[in-house]
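A.B. asks:
In this note's numbering, the protein residues as written are -5 to 456.
(1) Which partner residues does residue 280 have in the DSSP bridge list?
(2) Taking just the CA atoms, how far does residue 146 sit from residue 516?
(3) Is there a Cβ from chain B that is less than 7 Å from the Cβ of residue 424?
(4) Have a look at residue 281 and residue 236 and give me their C-alpha separation to the nearest angstrom.
(5) Can you tell me the Cα-Cα spacing of residue 275 and residue 55, whole angstroms?
(6) Could you give the distance in angstroms between the alpha-carbon of residue 312 and the alpha-carbon of residue 169?
(7) Buried or exposed: which applies to residue 308, given that a residue is buried once 16 or more other Cβ atoms fall within 10 Å of its Cβ?
(8) Grab the span of the beta strand (DSSP E) containing residue 377 for me, first residue to last.
(9) Mind checking which residues open and close the alpha helix (DSSP H) that includes residue 332?
(10) Taking the C-alpha atoms as reference points, what is the distance between residue 294 and residue 301?
(11) Using 8 Å as the Cβ pair cut-off and three pairs as the minimum, do the stretch 427 to 435 and the stretch 345 to 358 touch?
(12) Check whether the Cβ atoms of residue 213 and residue 197 sit closer than 7 Å, and answer yes or no.
(13) Do the CB positions of residue 190 and residue 179 come within less than 7 Å of each other?
(14) Report the option in 5, 83 and 390 whose CA atom is closest to the CA atom of residue 14.
(15) So is residue 117 buried or exposed if we call it buried at 16+ other beta carbons inside 10 Å?
(16) Expressed to the nearest angstrom, what Euclidean distance is found between the alpha-carbon atoms of residue 415 and residue 268?
(17) Could you give the distance in angstroms between the alpha-carbon of residue 396 and the alpha-carbon of residue 438?
(18) Give every residue of the same chain whose Cβ lies closer than 8 Å to the Cβ of residue 93, excluding the five residues on either side of it in the sequence, and list them in chain order.
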């Protein structure tokens, strides 16, 4: 063979996804992304994502799983774990002894949670104190419009759903120091310019009553909350209220090739796994399972994170229905740990190793290992497992790439892959490359979103 033939045979031929996308698929890609944007707007918290996921699933014939119910190939069931974690399954044609195909993503995102005693008045203005959740860069959360979503659990057992700031409703905000008086603040490191205790939501300024009363603005705000929702200040103690950006998912770029929104991490992968499961047209060979978990941004701990026994219980129940030991099922199973990765950003090129960085428009990104520095916290998938996924994706014309998250000593990140691998499940990380990950407004490529959906469906059908 001559040099060109050798080059074509043995060298990598990485291409921009648009050079590989059939023209006929563009319409399907754009339609999928519009549906994804609607999911983002409907689900700004983990509870809202579960609620919307159940709505979409039931519209496709899914029903709540009841322990002991008889299931046959093609049956569609789901388990709602405490309104914060959703597990769904389409029963396959093969026995569970042959394993299942899992897509595991998370639906919690960095945000600002209200403290247990949040409401106070200072300078005749009312504020809500917050405690940030997940890996936020605190300076990014000031001077942007915010909404408040969540529930207030009453002592009588009733839950009050709260959504403040949607549509034309008034928004909340965290103020920042003006540049004219910011000389000392400017001297501080970026991560100290705004402190956690300064992330206080401005919620009102108009007083009530006469000038002899104290904390009149706080009282006026609490009166408004009581009149609209029916809870008192003491009820904040049993509330879960989350401040999130008051933005809708929108197209980015003159070519509309990207999506900007809050919560791409990791709802972009969660929706792909959910939608792919809902779109299965017949019973797959292996039972297909989708997990939308909570608490990944704070270590996956707690009753609704992937450390929970809820997933194991779900799998045990399914296996008992077929008389299969769960350990036999799991050791034959495969999990796509679907979580986002950092897209190469030319503005900050010094923290990336370009040969091993993911790029927008190059498809779903496989990560053999995540973790930080010396692969700390990584499950490190085997070579054989990566080869299997390569084959599955190539057979289904999925555009994909392989990358790491930044330079070796620059930092790193983790996913639920380690937790699934610890259950003796073959697991590989894969997800959508994101610009400005963990920011209140992140950016992804439409092509990468669509390819993650195609990849999820390919795994279910494998």
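Glycine included, every Cβ here is placed at the ideal spot set by N, Cα and C.
C.D. replies: In short:
(1) In the chain shown, residue 280 corresponds to position 286, counting from 1. Residue pairing from DSSP leaves residue 280 without any beta-bridge partner.
(2) Outside the shown range of the chain, which is -5 to 456, sits residue 516, and nothing can be said about it.
(3) The structure shown has no chain B; it contains just one protein chain.
(4) Residue numbering aside, residue 281 sits at position 287 when the chain shown is read from its first letter. Residue numbering aside, residue 236 sits at position 242 when the chain shown is read from its first letter. The alpha-carbon atoms of residue 281 and residue 236 are separated by roughly 35 Å.
(5) In the chain shown, residue 275 corresponds to position 281, counting from 1. In the chain shown, residue 55 corresponds to position 61, counting from 1. Taking the straight line from one Cα to the other gives about 12 Å.
(6) Within the chain shown, numbered from 1, the residue matching residue 312 stands at position 318. Within the chain shown, numbered from 1, the residue matching residue 169 stands at position 175. For residue 312 and residue 169, the distance between alpha carbons rounds to 51 Å.
(7) Position 314 of the chain shown, counted from the first residue, corresponds to residue 308. The residue is buried, with at least 16 neighbouring Cβ atoms inside 10 Å.
(8) The residue you call residue 377 lines up with position 383 of the chain shown. Judged by DSSP secondary structure, residue 377 falls outside any beta strand (DSSP E) and instead within the alpha helix (DSSP H) spanning 377 to 389.
(9) The residue given as residue 332 occupies position 338 in the chain shown. Here residue 332 belongs to no alpha helix (DSSP H); instead the beta strand (DSSP E) covers 328 to 332.
(10) Mapped onto the chain shown, residue 294 falls at position 300. Mapped onto the chain shown, residue 301 falls at position 307. Their Cα atoms are separated by approximately 6 Å.
(11) Cβ pair count under 8 Å is three or more, so yes.
(12) Here residue 213 is taken as the residue at index 219 of the chain shown, counted from 1. Here residue 197 is taken as the residue at index 203 of the chain shown, counted from 1. No, the pair does not count as a contact, with Cβ atoms beyond the cut-off.
(13) Within the chain shown, the letter at position 196 stands for residue 190. Within the chain shown, the letter at position 185 stands for residue 179. In this structure, residue 179 does not lie closer than 7 Å to residue 190 by Cβ.
(14) By 1-based counting over the chain shown, the position of residue 14 is 20. Looking at the Cα atoms, 390 is the closest of the given residues.
(15) Reading the chain shown from its first residue, position 123 is the one you call residue 117. When all chains shown are included, residue 117 counts as exposed.
(16) As a first step, residue 415 is located in the chain shown; it is residue number 421 there, counting from the start. As a first step, residue 268 is located in the chain shown; it is residue number 274 there, counting from the start. Cα to Cα, residue 415 sits roughly 21 Å from residue 268.
(17) On the chain shown, position 402 is the one that residue 396 refers to. On the chain shown, position 444 is the one that residue 438 refers to. Distance between the alpha carbons of residue 396 and residue 438: 17 Å.
(18) Walking along the chain shown from the start, residue 93 turns up at place 99. For residue 93, where only same-chain residues beyond five positions count, the Cβ hits under 8 Å are 280, 323, 324, 325, 326, 327 and 328.
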